[in-house]
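>
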Amino acid sequence: MTMEPEVRLVESPAGRVSYREAGAGEGKPVVLALHGLGGNSRTWKAQYADLSDAFHIIGWDAPGYGQTMVVGPDQTAFAVLALALLDHLGVEKFSVIGHSMGGVVAQAAAAEAGDRVQHMVLSCTHSGSAAPASEPISGSYATRIATLETEGSAKYAAARSGMMVADGTPGDIRAQVQEIAGGVTAPGLRTCATMLHHADTRPIAPSIKCPVLLLSGAGDKVVSGRQSEDLAALYPAGRHVRLDGAGHAPYLEVAEAYNALLRDFFAS
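So this is what it looks like as structure tokens:
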């Protein structure tokens with residue numbers, strides 16, 4: 001079993017952020033890794049282990065996750081906090097990978113950071129729900145929050161892990177996904193789900209000029225094929241790869257193939 005990086009904490013000008021990192025030093029290219037609603041900085045355990053020989057990987061805890069403070073639930077506030085973490089760590093140029101919810105944040109961060117961003121990977125994600133500011137959170141997001149608040153983190157994680165992995169995923173992989181999802185708290189979920197409910201990256205996509213790799217899982221039960229296609233249409237120069245055998249957690253389900261794609265793309 002590979003040892004996971006320890007949690008670190010910084011007090012940036014934009015607020016408190018907890019994160020994990022692997023591969024620091026020696027002038028390696030930096031990769032900022034942004035997890036999804038059912039994850040946290042532990043999401044990237046296979047990437048810390050397999051890619052830190054060549055890359056400095058920084059995985060944050062989103063607002064309300066881990067020890068990261070809650071910020072205003074909008075995509076720009078999330079992006080500003082992520083960039084403040086990198087500024088605090090002295091990072092100038094970087095690549096970013098965003099999974100699911102983290103993909104929305106990655107797009108916002110890439111738009112904010114401009115030519116600081118060298119590559120962007122959008123993993124099993126979309127452009128946001130684009131609900132008006134006056135519209136309260138509803139649908140699947142409201143259901144998830146209610147489940148977590150009424151049934152607790154263990155039952156929530158068990159239910160979500162079944163949705164996150166493809167049919168036929170080995171039990172040990174599902175157990176890892178479930179264990180990570182068990183770290184989700186109600187304040188974090190509410191903050192991040194609210195951000196997603198109102199987020200809309202369509203207006204900012206044309207401003208993002210770095211190379212883009214879009215990854216989707218053939219067995220994803222969370223982000224639909226239509227959502228993946230709509231996102232790909234925002235980045236017509238990007239490369240879109242559909243991963244067989246993967247659901248909504250390809251970073252663990254098909255880690256070897258996933259990491260090979262990341263290694264090649266970040267090195268390009």
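Sequence positions in the sequence shown follow my numbering and run 1 to 268. Ideal Cβ placement from N, Cα and C applies to all residues, glycine included.
Which value, in whole angstroms, describes the spacing of the CA atoms of residue 182 and residue 64?
For residue 182 and residue 64, the distance between alpha carbons rounds to 14 Å.
> Buried or exposed: residue 155, going by 16 or more other Cβ atoms within 10 Å of its Cβ?
By the 10 Å Cβ count, residue 155 comes out exposed.
> Terminal residues of the continuous alpha helix (DSSP H) containing residue 101?
First-last of the alpha helix (DSSP H) with residue 101: 101-113.
> What residue does the beta strand (DSSP E) around residue 118 start on, and which one ends it?
First-last of the beta strand (DSSP E) with residue 118: 117-123.
> Assuming residue 173 contacts residue 43 under a Cβ cut-off of 8 Å, what Cβ separation, rounded to an integer in Å, is found between them?
Wrong, their Cβ atoms sit about 13 Å apart, outside the cutoff.
> Taking residue 115 as the reference, which of 77, 96, 36 has the closest Cα?
Out of 77, 96, 36, 96 has the C-alpha closest to the C-alpha of residue 115.
> Looking at residue 94 and the ligand FMN, is the gap between the Cβ and the nearest heavy atom below 7 Å?
The ligand FMN is absent from the structure shown, which contains no ligands of any kind.
> Take residue 211 as the anchor and find which of 119, 8, 89 has the nearest alpha-carbon.
Checked all of 119, 8, 89; the closest Cα to residue 211 is 119.
> Given a cut-off of 8 Å, decide if residue 217 and residue 197 are closer than it, judged by their beta-carbon atoms.
No, these two residues do not count as a Cβ contact at 8 Å.
> Sorted by chain position, which residues of the same chain lie with C-beta nearer than 7 Å to residue 5's C-beta, five sequence neighbours on each side aside?
Excluding positions up to five away in sequence, the list reads 20, 21, 22, 48.
> Among all the DSSP beta bridges, which residues are the ones paired with residue 126?
Paired residues: none, contrary to the question.
> In this structure, does DSSP put residue 55 in helix, strand or coil?
Of the three classes helix, strand and coil, the one that applies to residue 55 here is coil, per DSSP.
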